[in-house]
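Shown next, in structure tokens, is the structure this report addresses.
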Amino acid sequence: MKKKSIQKLVAHICLIIASILFITPFIWMVSTSLKPITQVFTFPPEWIPRPFQWSNYLDAMQYIPFFTYLNNTVIITVFSTLGVVLSCPLIAYSFSKLNWTGRNALFFITIAVMMIPGQVTMIPLFLLFNKLGWVGTPLPLIIPAFFGVPFYIFLLRQFFLGLPDSLMDAARIDGAGEFRIYWQIMLPLAKPAVLAVGLFQFMGSWTDFIGPLLYLTDEASYTLSLGLQQFQSQKGSEWGLMMAVSTMMTLPVIILFFFLQKTFINGITFTGIKG
Amino acid sequence: MSQQETISVQKSVSAKKMIRRKKRKSNIYGFLFASPWIIGLLLFYAFPLLASIYFSFTTYSILQPGEFIGLDNYKQLMNDDIFWKSVYNTIYFAILFVPLSIIMGVSLAMMLNMKIKGMAIYRTIYFLPTLVPHVALAVLWMWLLNPGFGLVNGFLDTIGIQGPAWLGSETWSKPSLILMSLWGIGQAVVIYLAGLADIPQDYYDAADVDGANWFKKTFHITLPLLTPVIFFNLIMGVIGAFQQFTLPYALTQGSGKPANSLTFYVMYLYDNGFKFFKMGYASAMAWILFVVIMILTSIIFITSKRWVHYQGK
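Given below as structure tokens:
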């Protein structure tokens, strides 16, 4: 018994040291974001801003068209998430709960497609969107989501497979249409998985860099990721302002995490164990 | 033929008809529900995949139609110094980062799994960095690793070590990238934790009865039963490492400086395709990447039969 408590003590010490290492960059980010420029460049570094320069946040919002970028990011994020949530469960349901000729072959192809690195399709896709006149608009970052994403389809299919058929059969006997069975009975049952997939897409879209870099050529259509990168390359030494932008960009995700902690953790766990 | 038999034959005919009608109905609906994906698959996956093979054999660029040149792009790549530099950088990163992330992730998860107080808080702390958008992460670490005024060198200075130039140094730029990538292993920790929770307590109880020590329990129970999850993270880690783009791009504004020490494979691919408009050349690079990833994944899959243990098998 005593040996066990020593073990736990050692574990606690290691975990606390690791925690300090993991949390310090955050504190440093927030601390720098509130420092006046003169205090940013002190060595050795100081932790507490003197005075707290809240105006860094206002300045940062003026240096870059922050609200334009925020607005662009929100539009892309919301619509691509909507697309994924509408299309993927429907497709996954068809792959798991409906019997049709060619279903298994198509599902096999879907799995195979997951293995293709994005870089392989990147160039022809760019040319396709260019032909459609979509380059420079957020459409290439939104529209494909409405046609399904293989990884999400796979995850949702695994989830649907775990749901019983009896409810569907009962509804059929009662004369419910196929779409109604999906929309009113099966989809609500799959809510945790749909929420997790929506969250993955939201995160991916919010933080995406290469997509906006390829397609958003006009500065007025930039997202936060792109805006921050550009800001960094132009005003590389304004650390206070850059940390302010970084903080504002990270904060919504962290707030979302605290509200949906269970969905985050379960979603990732499900990916790792079933995937 | 008796009347009863006639009725039963009629019944079975109509039953067959009904089954056929049911089958047709479910065929229609199944296909209908999957139709967005069938369109998406053709438009956003199948067509680009085939087009990309073709482009890799041409001098295609967005500015001109290009001509068929056979394997010339591939041959040219073999003599491209920056190509090899990017291969070296990518492999360097993968070889160090993937094993380190597994060792760190498993160790943290094992400590968290000791039914320790405050587990939820620790887990949250380790998970938080994974929520930071990659560009913000890059900017934050550029500042942390700033040679003159950064926190890391400030700390090293207080214990009497003069810190290196980190991202400004050819030797230290890749280790810097590994360091900041390790900061984001929280997601893997969560998966390992779930894997550990799946190991039945009975095994440990039995080992206790036999008088096994911590070391034996770890290497004969915990780690072998965690191998399916390690296997998953290994594959995802390798694939992710070979596709590294956003961090090095944001850290160097796409230049891969200093001295191309942060030019990663996909960055060079992007440069070729979208800066130099050598889209055929870039497509050839994409296909080499695809084939290499396929080979590595297959190797991991084939060897997994030797080292991955599933419970109850």
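Chains as they are written, first to last, in my numbering: chain A, 1 to 275; chain B, 276 to 588.
Virtual Cβ for every residue (Gly too), placed ideally from N, Cα, C.
Reference residue i; option with closest CA among the options
i: A:Leu34; options: A:Gly211, A:Phe159, A:Trp239; result: A:Trp239
i: A:Ile27; options: B:Met293, B:Phe490, B:Gln437, B:Leu426; result: B:Leu426
i: B:Phe517; options: B:Ser301, B:Lys292, B:Tyr363, B:Ala290; result: B:Tyr363
i: A:Arg103; options: B:Ser310, B:Gly512, B:Val513, B:Trp562; result: B:Ser310
i: B:Val414; options: A:Met242, A:Met248, A:Phe258, A:Gly272; result: A:Met242
i: A:Leu86; options: B:Trp312, B:Pro408, B:Leu316, B:Ser336; result: B:Trp312
i: B:His584; options: B:Pro523, B:Phe494, B:Gly486; result: B:Phe494
i: B:Val373; options: B:Gln437, B:Arg296, B:Leu537, B:Met511; result: B:Met511
i: B:Gln351; options: B:Tyr556, B:Thr572, B:Phe507, B:Phe576; result: B:Tyr556
i: B:Glu342; options: B:Tyr349, B:Thr334, B:Asn348; result: B:Thr334
i: B:Lys298; options: A:Tyr215, A:Val197, A:Asn99; result: A:Asn99
i: B:Met386; options: B:Val464, B:Ile436, B:Gly435, B:Pro439; result: B:Val464
i: A:Ser19; options: B:Tyr545, B:Asn354, B:Ile396; result: B:Ile396
i: A:Ile64; options: A:Lys235, A:Trp47, A:Gly118, A:Val74; result: A:Lys235
i: A:Leu251; options: A:Val194, A:Leu70, A:Thr81, A:Ile75; result: A:Leu70
i: A:Gly272; options: B:Gly486, B:Trp359, B:Trp582, B:Leu471; result: B:Leu471
i: B:Thr433; options: A:Thr32, A:Pro45, A:Thr24; result: A:Pro45
i: B:Tyr304; options: A:Lys97, A:Phe22, A:Ile13; result: A:Lys97
i: A:Val149; options: B:Ala561, B:Ile314, B:Lys292; result: B:Ile314
i: A:Leu132; options: B:Met394, B:Phe539, B:Asp546, B:Leu318; result: B:Leu318
i: B:Leu383; options: A:Val74, A:Ile254, A:Cys14, A:Ile210; result: A:Cys14
i: A:Gly211; options: A:Gln53, A:Ala11, A:Gln119, A:Ile17; result: A:Gln119
i: B:Lys392; options: A:Ile254, A:Ala11, A:Phe179; result: A:Ala11
i: A:Pro117; options: B:Ser558, B:Ile574, B:Phe576; result: B:Ser558
i: A:Pro51; options: A:Pro36, A:Tyr57, A:Ala60; result: A:Pro36
i: B:Leu498; options: B:Phe330, B:Asn535, B:Ile436, B:Ile377; result: B:Ile377
i: B:Met560; options: B:Phe506, B:Ala534, B:Ile400, B:Phe539; result: B:Phe539
Bridge partner(s) assigned by DSSP for residue i
i: B:Thr665; result: Since the first residue of chain B shown is 276 and the last is 588, residue 665 of chain B is not available in this structure.
Own chain, CB closer than 6 Å to residue i, minus 5 neighbours either side, in chain order
i: B:Ile646; result: What is shown of chain B runs 276 to 588, which leaves residue 646 of chain B out entirely.
i: B:Leu371; result: Ile453
i: B:Ile474; result: Leu500
i: A:Ala92; result: Ile153, Leu156, Arg157, Phe160
i: A:Tyr182; result: Tyr93
i: A:Phe66; result: none
i: A:Leu213; result: none
i: B:Tyr367; result: Lys449
Cβ neighbours of residue i in the same chain (closer than 8 Å, five flanking residues each side left out)
i: A:Ser221; result: Asn72, Gly136, Thr137, Pro138
i: A:Lys3; result: none
i: A:Ser246; result: Met29, Ser33, Leu228
i: B:Pro503; result: Gly470, Val583, His584, Tyr585
i: A:Leu199; result: Leu256, Leu260, Thr263, Phe264, Gly267
i: A:Phe107; result: Phe95, Arg157
i: B:Ser336; result: Phe552, Lys553, Met554, Gly555
i: A:Trp54; result: Leu34
i: B:Lys588; result: Residue placement at B:Lys588 is flagged as unreliable, the pLDDT there being 48, under the threshold of 50; a coordinate-derived value is accordingly withheld.
Cut-off 7 Å between Cβ atoms - residues of its own chain near residue i, not counting five sequence neighbours on either side
i: A:Trp134; result: Pro140
i: B:Trp418; result: Gly425
i: B:Leu442; result: Met417, Leu420, Ser448, Ser451, Leu526
i: B:Gly345; result: Phe332
i: B:Asn428; result: Pro422, Gly438
i: B:Ala369; result: Val513, Ala516, Phe517
i: A:Asp218; result: Gly136
i: B:Val541; result: Gln518, Gln519, Phe520
i: A:Gln232; result: Met242
i: B:Met353; result: none
i: B:Phe358; result: Leu352, Tyr543
Uninterrupted alpha helix (DSSP H) stretches inside the segment 1-66 of chain A (no shorter than 4 residues): 2-33, 37-40, 55-63
Would you list, in sequence order, the uninterrupted alpha helix (DSSP H) runs of no fewer than 4 residues that lie entirely inside the segment 352-424 of chain B? 356-387, 394-402, 409-419
Does the segment 258-269 of chain A touch the segment 178-190 of chain A, meaning 3 or more C-beta pairs lie closer than 8 Å? no
Within the chosen definition, does the segment 220-229 of chain A reach the segment 33-47 of chain A through at least 3 CB pairs nearer than 8 Å? no
What are the uninterrupted segments assigned as beta strand (DSSP E) that are 3 or more residues long and contained completely in the segment 120-186 of chain A, given in chain order? none
Indicate whether the contact test is met: 3 or more Cβ pairs, each with one atom in the segment 1-10 of chain A and one in the segment 203-215 of chain A, closer than 8 Å. no
Examine the Cβ distances between the segment 403-411 of chain B and the segment 453-465 of chain B and report whether three or more of them are shorter than 8 Å. yes
Three or more C-beta pairs closer than 8 Å, one from the segment 111-123 of chain A and one from the segment 168-177 of chain A: is that the case here? In short, these stretches do not touch, since the Cβ pair count stays below three.
Three or more C-beta pairs under 8 Å: does that hold for the segment 123-133 of chain A against the segment 573-583 of chain B? no
Go through the segment 471-499 of chain B residue by residue and report every complete run of the alpha helix (DSSP H) that reaches 4 residues or more, in order. 476-484, 489-492
List, from N- to C-terminal side, the alpha helix (DSSP H) runs of 4 residues or more that fit wholly inside the segment 296-330 of chain B. You should have 322-330.
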